[in-house]
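J.: Throughout the sequence shown, residue numbering follows UniProt numbering, covering 1 to 747 in sequence. A single structure is presented below for examination.
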Amino acid sequence: MKRILKPMSGNGSLVFKQNTKITQLGKSGRIQEAIQIFDKMSNKNAVSWNSMISVYAKNGKINDARRLFDEMPQKNLVSWNTMISGYSHNDQVHEAEALFDKMPQRDSFSWTLMITCYIRNGELDKAKYLFDMLPDKQDPVCWNALIAGYAKSQRIEESRRFFDIMPVKNLVSWNSMLAAYTQNELMDLGLKFFLQMEDKDVVSWNLMVHGFVQVGDLESASLFFNKIPNPNVVSWVTLFSGYAKNGKIEEAKRIFEEMPEKSIISWNAMIAGYMQNSRIGDALKIFKEMPERNSASWTAMINGYVRNGKLEEARQLLEQMPSRNVTAQTSMISGYVQNMRIDEARQIFDQISSRDAVCWNTMIGGYAQCGKMREAIKLFKQMPRKNLVTWNTLIASFAQSGQMNTAIDIFEEMKEKNLVSWNSIISGFTQNGLFLEALQHFVLMGKEGRKPDQSTFACGLIACANLAALPIGKQIQDLVFKSGYYQDLYVMNALISMYSKCGRISKAERIFRDTDTVDIVSWNSLISGYALNGYGKEAIKIFEEMEAKGLCPDQVTFVGVLSACSHAGLIDQGIKLFKLMTETYSIDPGEEHHACMVDLLGRAGKLEEAYKFITEMLVRANAGTWGALLGACRMHRNAGLGKIAAEKLFEYEPHKTSNYVLMSNIHAEAGRWNEVERVRMLMKERRVEKQPGCSWIEVKNRIHPFFSDDSAETRTIDICEALTLLTLHARSTDFDPDIELFQVDHG
């Protein structure tokens, strides 16, 4: 028997309209108006409550959303899903997880929400664990979410493996797999997969257009667009935004004007396109011509002004905005931060009544960027709900400012860590020269089940390079190949550098030659490697090969090749290359270039020329330059010039022990004992302490550091006894050491 649909009663119709209005106001960011309608409703139904919870959550008021959820007289399944979705939207994974566990009943959407929540947080292992617990795996929704999650993390092979074993595939499944290829710029695989699809919809076509746009192939993007049976707004916007992004704004304008029907999304996209190309006047014209505007329209204009450095215009427009939203205000904060106007950024921040995580993170990151770490940590402590971005921002900021102890404290305080957290702390260790700690955390990361990515591998290899830990470096290389990063340029450059610094220059060149595409960093790494290992002529040969291939050397290239000339004593070539750098390539010599030239002349015994070079420099000589001269003076026993260089060094580096030791040795070799005593007294006056000598050995994949006078080393007595035996053995042979090399203890 057919059901007869009865028309809604007057009250039912009113409630429906009110619920619809609440949702619309929420989408526009007009929260207060939505609250007023909700509060005045006399006949609220479950949809009313759920709509208001969603409005709060999607506008960053997650605490208000939870309060309303708890007050709700009768919750249905949609209520629970809406609240979990709200937590996911606000990156509050723990709260979503706790609510999911309390649910009286779940549907496939509940499972999908929680799996997606984990995926958004980068916790793919948890997502997979939850997926394995699914009572019914016939529904493709959760499968599709995991395919998308693996793709987002660039784990394409796992995405494809999931797709292939799916029991039931729908069109969304095919599109999810297609997106895995197109969004990761694998257009050859994407095109092949697209052609295999029996059914396609406009989403399929849009994914192909977007993929070609991403790789800059606008011709193919346009070709596919023209073949779409029924292009929608997204199709048009994707194409003209692609042209705008690639600087072809007139072509973008033509496509925009050809649109049969323009929605508010297309108008906003055109504003953004003009702003990307610094066509501020055209963007403003479009903004004024729009038949209607939403908060995204205002935000697009404010964002555009900020991107183009027009902060005053952005601020004026923000003040005129009918209903300011947190996105527009955060954009304004970001603009002030980028221009180091942190006080004005804080002023905007304090005006925001409902701050979301992005807003808090922008302000905290702003303080960190300006070096105001106290204010950053103070705001961090005030933040009611911290997400992973917040924690990771602070770790990276303290690491960059050299405060690794604080960075470690924050890292260890984190309840949940993602890949970015691990990369931030490992990268921080390498940036601050704590290479042992970097490798320790690399290993610890693996023990906690986290898979490294290209950034992790590169940091691990950098640490190995600086420790000359070749066996560990080789093991990391094996992991690189197993993980599929063997053609990642960032990792390959780190490998070249690692083998170079470990003295395996032929292996470094083999990796260089086997890499499909190399860049200036690759060439620089190889040139520096040859220089470091004393192969000056080979370094010059690589430099000339680089030039022949049409690559333009940069400042780092010349540091490497000048250093190579210095170590190999190639004076004429060094002078020629220095002129080539300044005259042909118009590169202003920096501190390192000057130091290389002084070192080059000094090693060759041309100390007066080296000193003259320093005095005629257009920039003021730094510690590196004077240090190169002092080293040359020690080598050639020139106490007079050595004293001049040392006095300059004491000004720049008054507490660096090695400078005083070097000068003391120069005087000792010349028999100037009064000067030796003067240097020693100077060290005492300035409270210069000798740095303990350090060396290390690698045994069974463990690096063991040793410091002079380190009573904490458990086997110090055994080590000393072994050294005594070796010394006695050396004395019993015909070995005759050069005693001059051991005049002062550098430890």
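Idealized CB from N, CA, C, for every residue including glycine.
With a threshold of 16 other CB atoms inside 10 Å of the CB of V619, please say whether the residue is buried or exposed.
T.: exposed
J.: Could you tell me the alpha carbon to alpha carbon distance between F558 and W143, rounded to whole angstroms?
T.: 53 angstroms
J.: Do you know offhand how far T727's Cα is from K579's?
T.: 50 angstroms
J.: Any idea if E219 is buried or exposed, counting beta-carbon neighbours within 10 angstroms, 16 or more meaning buried?
T.: exposed
J.: Just to confirm the assignment, what range does the alpha helix (DSSP H) spanning I352 have?
T.: Per DSSP, I352 lies in no alpha helix (DSSP H) segment and is marked neither H nor E.
J.: Only counting the same chain, and skipping five residues up and downstream in sequence, which positions put a Cβ closer than 7 angstroms to that of V237?
T.: I265, S266, A269
J.: Classify Y129: buried if its beta carbon has 16 or more other beta carbons within 10 angstroms, exposed otherwise.
T.: exposed
J.: Touching or not, the region 438 to 448 and the region 99 to 117, by the rule of three or more beta carbon pairs under 8 angstroms?
T.: no
J.: What residue range does the alpha helix (DSSP H) around G602 cover?
T.: 591 to 603
J.: Taking the Cβ atom as the reference point for each residue, do S204 and L178 lie within a distance shorter than 9 angstroms?
T.: yes
J.: Tell me whether the beta-carbon of A420 lies closer than 9 angstroms to the beta-carbon of N392.
T.: The sequence shown places Val at residue 420, rather than the Ala named in the question. Yes. Within cutoff.
J.: Within 10 Å of its beta-carbon, does R324 have 16 or more other beta-carbons around it, so buried, or fewer, so exposed?
T.: The residue in question, R324, is buried, as its Cβ has 16 or more Cβ neighbours within 10 Å.
J.: For a minimum of 4 consecutive residues, which ranges assigned as the alpha helix (DSSP H) are wholly contained in the region 526 to 576?
T.: 536 to 548, 555 to 568
J.: Identify every run of the alpha helix (DSSP H) within the region 6 to 48, keeping only runs that are complete inside it and at least 4 residues long; order them along the chain.
T.: DSSP runs (the alpha helix (DSSP H)) wholly in the region 6 to 48: 10 to 27, 31 to 40.
J.: Taking the C-alpha atoms as reference points, what is the distance between L741 and K372?
T.: Note that L741 scores a pLDDT of 34, beneath 50, so its modelled location is shaky and nothing firm can be said.
J.: Taking the beta carbon of Q477 as the centre, do at least 16 other beta carbons fall within 10 Å, making it buried, or is it exposed?
T.: With 16 or more Cβ atoms within 10 Å of its Cβ, Q477 is classed as buried.
J.: Could you compute how far the alpha carbon of Q107 sits from the alpha carbon of S500?
T.: Note that residue 107 is Asp in the sequence shown, not Gln. The C-alpha of S500 is placed about 57 angstroms away from the C-alpha of D107.
J.: Hey, how far is the Cα of I333 from the Cα of I426?
T.: 30 angstroms
J.: Do you know offhand how far R161's Cα is from G190's?
T.: 16 angstroms
J.: What would DSSP say about D519, mapped onto helix, strand or coil?
T.: coil
J.: Alpha carbon to alpha carbon, how far is I271 from A283? Give it in angstroms, no decimals.
T.: 5 angstroms
J.: For V47 and G449, I'd like the C-alpha separation in whole angstroms.
T.: The alpha-carbon atoms of V47 and G449 are separated by roughly 42 angstroms.
J.: If we count Cβ pairs, one from each stretch, closer than 8 angstroms, do we get three or more for the region 598 to 606 versus the region 560 to 569?
T.: yes
J.: According to DSSP, is G402 helix, strand or coil?
T.: coil
J.: Quick check on Q477: does DSSP put it in helix, strand or coil?
T.: helix
J.: Specify the secondary structure class of S263 as computed by DSSP and reduced to three states.
T.: coil
J.: How about F411 and A463: are their beta carbons less than 9 angstroms apart?
T.: no
J.: Compare the beta carbon distance of Q60 and R355 with 9 angstroms and say whether it is the shorter of the two.
T.: Contrary to the premise, residue 60 reads as Gly rather than Gln in this sequence. Yes, they are a contact pair.
J.: How long is the line joining the alpha carbons of F38 and D343, rounded to whole angstroms?
T.: Their backbone Cα atoms lie some 37 angstroms apart in a straight line.
J.: Mapping the DSSP letters down to three states, classify A468 as helix, strand or coil.
T.: coil
J.: So, using beta-carbon positions, are V521 and F512 closer together than 9 angstroms?
T.: no
J.: Considering only C-alpha positions, which residue in the set M546, E583, D554, R279 is nearest to N308?
T.: R279
J.: With 16 other CB atoms within 10 Å as the buried threshold, where does D488 fall?
T.: buried
J.: To the nearest angstrom, how far is it from the Cα of E653 to the Cα of A646?
T.: 10 angstroms
J.: Excluding the 5 residues preceding and the 5 following F163 in the sequence, name in chain order all residues of the same chain whose CB lies nearer than 7 angstroms to its CB.
T.: Residues of the same chain with a CB within less than 7 angstroms of the CB of F163, apart from the 5 flanking positions on each side, are I147, S173, M177 in chain order.
J.: Using 10 angstroms around the beta-carbon of Y135, count the other beta-carbons present and answer buried if the total reaches 16, otherwise exposed.
T.: Here residue 135 is Pro; the residue named in the question, Tyr, does not match the sequence. By the 10 Å Cβ count, P135 comes out exposed.
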